[in-house]
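Protein chains in written order, with our numbering: chain A, 997 to 1110; chain B, 1060 to 1173.
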């Protein structure tokens, strides 16, 4: 599986933007970049995904480098509720049907200061 | 719409015992994936079930097995429990690869092996 590299931790102040980097230098042409986050005592939840173009949704923005070897998740205005572990994942195809598998790394622990 | 549910919430077993964990997928989802999350680490893919068959497997021994039922709910069985099996077990449901790409996670079952 292609690997991702993320910083172990990042800190932010409330209502300031947070930029979470992810390196994935071995990404293949068909790999999608997914971001999930895991709040304390909960299962992971989907944040955003993309292939080549930058993506925006209600939770965040995803900026993908032109060579696709890196990406950045942007939380525009961090709130205390955004404190979580954020995982950058390259989605891998599975077998003969079904869905893709998610290969999680250690993620980035985001702390938001009030 | 009911989300992904898992039972039990917590479980304590001793070495050598067997355990069964259960997962009810979200309505309309036909694929269930299971993950193991050790303390302080990201989730690790165990296997995925699609149309009641195993669709792919991570690096886990055969004593980890599963089932998917016609209603798409699923079970994870672990035989001959070892101390290192202590972890949070997460299931995630999703649609097939041709439809939206998000996996929906349950809250997990915390297994402690003594």
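Even for Gly, the Cβ is constructed at its ideal location relative to N, Cα and C.
I want to verify the contact list: residues of chain A whose CB lies under 7 Å from the CB of residue i, in sequence order.
i, result
"residue 1134(B)", "The premise fails here: residue 1134(B) is roughly 17 Å from chain A at the closest Cβ pair, so nothing lies under 7 Å."
"residue 1126(B)", "Neighbours of residue 1126(B) on chain A: none; closest Cβ ~15 Å, over 7 Å."
"residue 1161(B)", "1042"
"residue 1085(B)", "By Cβ distance, chain A contributes nothing, its closest Cβ being about 12 Å from residue 1085(B), past 7 Å."
Assign residue i to one of three DSSP states: helix, strand, or coil.
i, result
"residue 1069(A)", "strand"
"residue 1076(A)", "helix"
"residue 1058(A)", "strand"
"residue 1140(B)", "coil"
"residue 1065(B)", "strand"
"residue 1019(A)", "strand"
"residue 1165(B)", "coil"
"residue 1083(A)", "strand"
"residue 1159(B)", "Any answer about residue 1159(B) is weak, because its pLDDT of 48 lies below 50 and its placement is not dependable; what the coordinates show is given next. Residue state, collapsed to three classes: coil."
"residue 1090(B)", "strand"
"residue 1083(B)", "strand"
"residue 1012(A)", "coil"
"residue 999(A)", "coil"
"residue 1052(A)", "strand"
"residue 1132(B)", "coil"
Please name the residue or residues paired with residue i in a DSSP beta bridge.
i, result
"residue 1006(A)", "1106(A)"
"residue 1097(B)", "DSSP, once it has assigned bridges, lists no residue as partnering residue 1097(B)."
"residue 1115(B)", "1107(B)"
"residue 1173(B)", "Paired residues: none, contrary to the question."
Does the distance from the CB of residue i to the CB of residue j come in under 8 Å?
i, j, result
"residue 1034(A)", "residue 1106(A)", "no"
"residue 1114(B)", "residue 1124(B)", "no"
"residue 1167(B)", "residue 1149(B)", "yes"
"residue 1091(B)", "residue 1170(B)", "no"
"residue 1145(B)", "residue 1082(B)", "no"
If the cut is a Cβ gap below 9 Å, which residues of chain B does residue i touch?
i, result
"residue 1038(A)", "1164, 1166 and 1167"
What are the boundary residues of the beta strand (DSSP E) that includes residue i?
i, result
"residue 1033(A)", "1028-1034"
"residue 1125(B)", "1123-1127"
"residue 1046(A)", "1041-1046"
"residue 1153(B)", "1146-1153"
Using the beta-carbon of each residue, which ones in chain A are nearer than 8 Å to residue i?
i, result
"residue 1075(B)", "Result: empty, since nearest Cβ-Cβ is about 28 Å, beyond 8 Å."
"residue 1145(B)", "Per Cβ cutoff of 8 Å: no residues; residue 1145(B) is ~17 Å from chain A at best."
Which residues in chain B have a C-beta closer than 8 Å to the C-beta of residue i? List them in chain order.
i, result
"residue 1099(A)", "1104"
"residue 1082(A)", "Neighbours of residue 1082(A) on chain B: none; closest Cβ ~11 Å, over 8 Å."
List the residues of chain B that residue i touches, going by C-beta distances under 7 Å, in chain order.
i, result
"residue 1046(A)", "In chain order: nothing, as chain B lies at least about 10 Å away."
"residue 1102(A)", "1100 and 1101"
So which residues of chain A does residue i contact, with C-beta pairs closer than 9 Å?
i, result
"residue 1095(B)", "Here the premise fails: no neighbours, minimum Cβ distance about 11 Å."
"residue 1149(B)", "1039 and 1040"
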